[in-house]
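Written below as structure tokens is the structure these notes are about.
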Amino acid sequence: MGKIAFVFPGQGSQTVGMGKDLYEKYACARKVFEEADAALGFSITDMCFEGPEEELKKTFNTQPAILTVSIACYEVLKEQELTPDIVAGHSLGEYSALVAAGALSFGDAVRLVRKRGQFMQEAVPLGEGSMAAILGLDRQSIIDICKQVEAEYGAVQAVNFNCPGQVVIAGTATAVEKAAEALKSAGAKRTVMLPVSAPFHSTLMQPAAVKLAAELDKVVVSNAKIPVVANLTGRMITSSSDIKPSLVAQADHPVRWEDCVAEIIGYGADVFVEVGPGKVLTGFTKKITKEVLAHNVEGIDSLEKTLDYFKEVR
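First residue of the sequence shown? That's 4 in our numbering, and the numbers climb one at a time after it.
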């Protein structure tokens with residue numbers, strides 16, 4: 004058996020009730036939720052379990068909520084003696100990956116992502132920015148067409164390279180709409196406007212990156228104990244001196260997820276475990292490569308299936 008990769012989800016994977024069954028069964032999961040509540044000064048636990056959904060969808064709530072559930076899942080896996088050789092996370096999920104790698108304390112991470120969500124929301128007034136998924140068109144065509152549209156209509160860029168045939172663009176609402184039309188004409192199978200509150204990872208997030216840098220200066224970032232694959236470059240990093248600037252730049256630069264998965268496979272991982280709510284990354288992994296096995300752990304059922312698999316192969 005090769006190496007094991009843990010990958011952590013980003014925004015969009017949240018659901019009301021997430022993490023509740025693990026909280027009720029495992030003391031180590033309960034401890035994570037309690038620590039999050041104490042660090043934030045309000046009950047993110049209640050929001051995860053009871054909602055309301057409208058509150059959970061607000062980016063400054065979504066980010067700490069997903070991080071908390073992801074780390075609760077991670078702590079349960081660790082207690083079951085299942086640990087990764089390499090980690091990565093999609094956007095917000097990179098903070099979960101850094102906690103798992105020992106580079107960030109959980110308390111610092113949960114406070115940071117709460118602020119990150121606030122800064123991202125403040126960077127562009129509600130309704131002025133948007134994002135769209137572009138399906139069935141190659142990466143370079145999308146980059147080129149966005150550049151052409153940007154010259155005429157304002158900021159719009161390719162910001163998430165998720166898997167072959169799925170790239171997300173972000174920018175001002177008008178520019179994203181115009182780019183989506185141009186990309187459809189250029190041969191995209193579909194363009195889907197995403198229900199998000201800000202144009203994440205675009206250059207419009209620069210004010211958020213500046214504020215985030217100031218917050219990161221206040222926390223201790225350690226060297227990672229295992230490799231973390233950075234969204235910014237799609238390459239492994241372990242040094243604290245690389246991690247901080249990478250996290251800052253990640254806020255207003257694209258997420259190179261397809262490159263991250265290629266790097267993990269190059270490192271020798273042949274089993275991916277998505278740790279946290281949803282199966283978005285599991286879907287991406289299957290589209291990127293047929294050479295690895297993909298599991299996910301978001302609650303007791305998926306946990307038991309994953310543990311059963313590892314018992315068989317060990």
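Every residue gets a Cβ at the ideal spot worked out from N, C-alpha and C, and that includes glycine.
> For residue 158, does the count of other Cβ atoms within 10 angstroms reach 16, so buried, or fall short, so exposed?
Replying inline: Reading the sequence shown from its first residue, position 155 is the one you call residue 158. Per the 10 Å Cβ criterion, buried.
> Out of curiosity, what's the CA-to-CA distance linking residue 142 and residue 186?
Replying inline: Along the sequence shown, one-based indexing puts residue 142 at 139. Along the sequence shown, one-based indexing puts residue 186 at 183. About 11 Å.
>> Could you compute how far the alpha carbon of residue 103 sits from the alpha carbon of residue 7?
In response: On the sequence shown, position 100 is the one that residue 103 refers to. On the sequence shown, position 4 is the one that residue 7 refers to. Going from the Cα of residue 103 to the Cα of residue 7 covers about 13 Å.
> Which residues mark the beginning and the end of the beta strand (DSSP E) in which residue 160 is found?
Replying inline: Start at 1 with the first residue of the sequence shown, and residue 160 comes out as number 157. Residues 159-166.
> Can you check whether the CB of residue 118 is closer than 8 Å to the CB of residue 218?
Replying inline: Working through the sequence shown from its first residue, we reach residue 218 at position 215. Working through the sequence shown from its first residue, we reach residue 118 at position 115. Yes, the pair counts as a contact, with Cβ atoms nearer than the cut-off.
>> Using only the alpha-carbon positions, how far apart do residue 105 and residue 164 sit?
In response: For the purposes of this step, residue 105 is taken as residue 102 along the sequence shown, with counting starting at 1. For the purposes of this step, residue 164 is taken as residue 161 along the sequence shown, with counting starting at 1. Residue 105 and residue 164: Cα-Cα distance of roughly 27 Å.
> Given a threshold of 16 other Cβ atoms within 10 Å of its Cβ, counted over all protein chains shown, does residue 228 qualify as buried or as exposed?
Replying inline: Looking up residue 228 in the sequence shown gives position 225. By the neighbour-count criterion, in which a residue is buried when 16 or more other Cβ atoms sit within 10 angstroms of its Cβ, residue 228 is exposed.
>> Do residue 39 and residue 67 count as a contact pair if the criterion is CB distance below 8 Å?
In response: Taking the sequence shown and counting its residues from 1, one reaches residue 67 at position 64. Taking the sequence shown and counting its residues from 1, one reaches residue 39 at position 36. Yes, they are a contact pair.
>> My assumption, with CB atoms under 8 Å, is that residue 69 sits in contact with residue 16. Please give the rounded CB distance.
In response: In the sequence shown, residue 69 corresponds to position 66, counting from 1. In the sequence shown, residue 16 corresponds to position 13, counting from 1. Yes, residue 69 and residue 16 are in contact; Cβ-Cβ is about 6 Å, under 8 Å.
> Between the beta-carbon of residue 294 and the beta-carbon of residue 273, is there less than 8 Å?
Replying inline: Working through the sequence shown from its first residue, we reach residue 294 at position 291. Working through the sequence shown from its first residue, we reach residue 273 at position 270. Yes.
> So what's residue 221 in DSSP terms, helix, strand or just coil?
Replying inline: Taking the sequence shown and counting its residues from 1, the one referred to as residue 221 is at position 218. Three-state DSSP puts residue 221 in coil, outside helix and strand.
>> Can you tell me whether residue 129 is buried or exposed? The criterion is at least 16 other CB atoms within 10 Å of its CB, across all chains shown.
In response: Here residue 129 is taken as the residue at index 126 of the sequence shown, counted from 1. Residue 129 sits exposed, since fewer than 16 C-beta atoms from the chains shown fall within 10 Å of its C-beta.
>> Helix, strand or coil, according to DSSP, for residue 296 in the structure here?
In response: Here residue 296 refers to the residue found at position 293 of the sequence shown. DSSP places residue 296 in strand when its eight states are reduced to three.
> CA-CA distance, residue 168 and residue 300?
Replying inline: As a working mapping, residue 168 is identified with position 165 in the sequence shown. As a working mapping, residue 300 is identified with position 297 in the sequence shown. If I take the Cα positions, the gap works out to 26 Å.
>> Check this for me: beta carbons of residue 92 and residue 100, under 8 Å apart or not?
In response: Sequence index remark: in the sequence shown, residue 92 carries index 89 (1-based). Sequence index remark: in the sequence shown, residue 100 carries index 97 (1-based). Yes, the Cβ-Cβ distance between residue 92 and residue 100 is below 8 Å.
> Who does residue 283 pair with in a DSSP beta bridge?
Replying inline: Along the sequence shown, one-based indexing puts residue 283 at 280. Partner(s): none; residue 283 has no beta bridge.
> What did DSSP end up calling residue 137 once you bin it into helix, strand or coil?
Replying inline: Within the sequence shown, the letter at position 134 stands for residue 137. Here residue 137 sits in strand by DSSP.
> Can you give the Cα-Cα distance for residue 198 and residue 257, rounded to whole angstroms?
Replying inline: As a position in the sequence shown, residue 198 is number 195, starting the count at 1. As a position in the sequence shown, residue 257 is number 254, starting the count at 1. Roughly 19 Å between the two C-alpha positions.
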